[in-house]
């Protein structure tokens, strides 16, 4: 379900933290949001050569379902236009050379920052996931295997861990599909619990882009699609990142 | 915003995982959900003597705002009916001696299980939080300080980390206020980003209980209430846990 007429962009401007005080949100050029720039966003996001560790690669903790589907989608990157997204330790690595809008001062990077969904470094204990993105169809798939540190009810993934995984998959998809940067809303309906250690497949689609907002949907289910774990709709705010000026 | 007429309870019964196949959900006695049994739930949940580590105690990473407000609410536990909830490593510790509904087999406890919101053991790096609960007013307050491992946009908490914190505060409140066990839905509107290392105060209320569901609301804001970080409504399904039979 997508809520129409959402007024958050206006209300955001009335608060002080997110955009540093009232201001007119920058207008995006639809061509730059959807067109050749998707390619440049993707090529920036997926550097061919980097020293950064990619956490979205198979390891010994992945269950057979996750490994098989990973291989299946890896094949599709060669023929069907899918792209495997790298996953670095921090979003700071993903947006290197770009700066956040004014008012969002970036704290010193002396701390050991980690993106939330890569907060647990031990293989298999926390988040195991990989996202594949399809630029022309504006959709993504996320293979997600929750570990025992993501527990809610005994033996099952915490609802909040799935909510965060959905938000993160939305986030990467929104950024690459249309420079969507900030979560405006999430609307999640939980249907079944995900057993720890098993695979959940998240299918994400960009439904529409309107008034600088991306409207997205997600369904999380078992590989055989017989069990729906949750459905979610999300709205993201578009905002262009600027090049950092040389120091 | 609370969505009325939500049909998840029925739909849950049509799926196989959460309740192990179609079945009639057990009817709760409203007196047992709200009456003397709240006391017994609380006393079970907050054991006076335990060897379990309570993670909801001040440590050197807590910012002054968090420490001050913690002390303030600790005083209110003596006079105003508030209860400080302990926070153990796993929900298995919180529901010791109780068993989940049939169909929800609990996996072996040989693994190192952790509740998601206590997944990062290093003080100050991940989730720092403490929940106070007010039984007669059916409300809670959660003091939440996100660390640098909970990052989304550089320097700010990931939206998913706040979603999980809201879900967890709902969850503990729902259980103690009316044996609410499972998240049916979360509807979150994000307003402003939370700077890493700062305090967010989550105010949770049980709005009503109807058809075995608890309808709850949450607002997350700065201590001075000048900045709203997010608003959320959540629905939880009531389900009584049974005593485990002696082995």
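Residue numbers (my numbering), protein chains in the order written: chain A, 5 to 251; chain B, 5 to 251. Ideal placement from N, C-alpha and C gives every residue a C-beta, glycine not left out.
**OP:** Determine which residues share a DSSP beta bridge with residue 155 of chain B and list them.
**Re:** A:119, B:161
**OP:** Give the secondary structure of residue 193 of chain B by DSSP, where H, G and I count as helix, E and B as strand, and everything else as coil.
**Re:** strand
Original post:
Nearest-angstrom Cα distance between residue 255 of chain A and residue 191 of chain A?
Top reply: Here chain A covers residues 5 to 251 and nothing more, so residue 255 of chain A does not appear.
Original post:
If you count every other CB in all the chains shown that lies within 10 Å of the CB of residue 129 of chain B, and 16 or more means buried, which is it?
Top reply: buried
**OP:** Alpha carbon to alpha carbon, how far is residue 102 of chain A from residue 245 of chain A? Give it in angstroms, no decimals.
**Re:** 6 Å
Original post:
Can residue 138 of chain A and residue 201 of chain A be called in contact, C-beta distance under 8 Å?
Top reply: no
Subject >> Residue-level contact to chain A via CB, residue 68 of chain B, 8 Å cutoff >> reply: no
Original post:
Is residue 38 of chain B helix, strand or coil when you go by DSSP?
Top reply: Reliability of the predicted coordinates at residue 38 of chain B is poor, the pLDDT of 42 falling under 50, and no value is obtained from them.
Original post:
How many angstroms separate the CA atom of residue 149 of chain B from the CA atom of residue 220 of chain A?
Top reply: 29 Å
**OP:** Indicate whether at least one CB of chain B lies closer than 8 Å to the CB of residue 188 of chain A.
**Re:** yes
Original post:
Does the beta-carbon distance from residue 153 of chain B to residue 123 of chain A come in below 8 Å?
Top reply: yes
**OP:** Return the residue from the list A:60, A:135, A:115 that minimises the CA-CA distance to residue 207 of chain A.
**Re:** A:135
Original post:
With a CB to CB cut of under 6 Å and the five nearest residues on each side skipped, what residues in its chain are close to residue 218 of chain A?
Top reply: 178, 182, 184, 210, 240
**OP:** Would you please verify whether the beta carbon of residue 193 of chain A is less than 8 Å from any beta carbon of chain B?
**Re:** yes
Original post:
How many whole angstroms separate the CB atoms of residue 61 of chain B and residue 180 of chain B, which I take to be in contact at a CB cut-off of 8 Å?
Top reply: Actually they do not touch by this definition, with Cβ atoms about 19 Å apart.
Original post:
In angstroms, rounded to a whole number, what distance separates the CA positions of residue 87 of chain A and residue 81 of chain A?
Top reply: 5 Å
Original post:
Between residue 195 of chain A and residue 70 of chain A, what straight-line distance do the alpha-carbon atoms span, to the nearest angstrom?
Top reply: 21 Å
Original post:
DSSP state of residue 89 of chain B, grouped into three classes?
Top reply: coil
**OP:** Please name the residue, chosen from B:214, B:248, B:169, that lies closest to residue 233 of chain B on a Cα-to-Cα basis.
**Re:** B:169
**OP:** Kindly say whether residue 86 of chain B, judged by its beta-carbon, lies nearer than 8 Å to any beta-carbon of chain A.
**Re:** no
Original post:
Among residues of its own chain, excluding the 5 on either side of residue 90 of chain A, which ones have a beta-carbon nearer than 7 Å to its beta-carbon?
Top reply: 50, 58, 60
Original post:
Is it buried or exposed for residue 230 of chain B, if we count other Cβ within 10 angstroms and need 16 for buried?
Top reply: exposed
**OP:** Give the residues from the segment 116-127 of chain B that approach chain A closer than 9 Å (Cβ to any Cβ), ordered along the chain.
**Re:** 116, 117, 118, 119, 120, 121, 122, 123, 124
Subject >> chain B contacts made by the segment 154-166 of chain A, where a contact means CB separation under 7 Å >> reply: 154, 155, 156, 157, 158, 159, 162, 163, 164, 165
Subject >> residue 125 of chain A burial status per 10 Å Cβ neighbour count (16 or more: buried) >> reply: exposed
Original post:
When the Cα of residue 159 of chain A is compared with those of B:65, B:157, B:115, B:131, which residue comes out closest?
Top reply: B:115
Subject >> Members of the segment 141-152 of chain A near chain B, C-beta cut-off 8 Å >> reply: 152
Original post:
Roughly how far, in whole angstroms, is the beta-carbon of residue 131 of chain A from the beta-carbon of residue 147 of chain A, given that I think they are within contact range, below 8 Å?
Top reply: With 8 Å as the limit, residue 131 of chain A and residue 147 of chain A do not qualify as a contact, their Cβ atoms being about 11 Å apart.
Subject >> Cα-Cα separation, residue 108 of chain B to residue 199 of chain A >> reply: 9 Å
Original post:
Exposed or buried, which one is residue 121 of chain A when buried takes at least 16 other CB atoms within 10 Å?
Top reply: buried
Original post:
By how many angstroms is the C-alpha of residue 48 of chain A removed from the C-alpha of residue 248 of chain A?
Top reply: 14 Å
Original post:
Can you give the Cα-Cα distance for residue 66 of chain B and residue 77 of chain A, rounded to whole angstroms?
Top reply: 44 Å
**OP:** Kindly list the residues whose CB is nearer than 7 Å to the CB of residue 118 of chain A, restricted to its own chain and excluding five residues on each side of it in sequence; keep chain order.
**Re:** 93, 94
Original post:
For residue 108 of chain B, which residues in chain A fall below 9 Å Cβ to Cβ?
Top reply: 157, 158, 159, 160, 197
**OP:** Could you please give the first and the last residue of the uninterrupted beta strand (DSSP E) stretch that includes residue 52 of chain B?
**Re:** Careful: residue 52 of chain B lies outside any beta strand (DSSP E) and carries neither H nor E.
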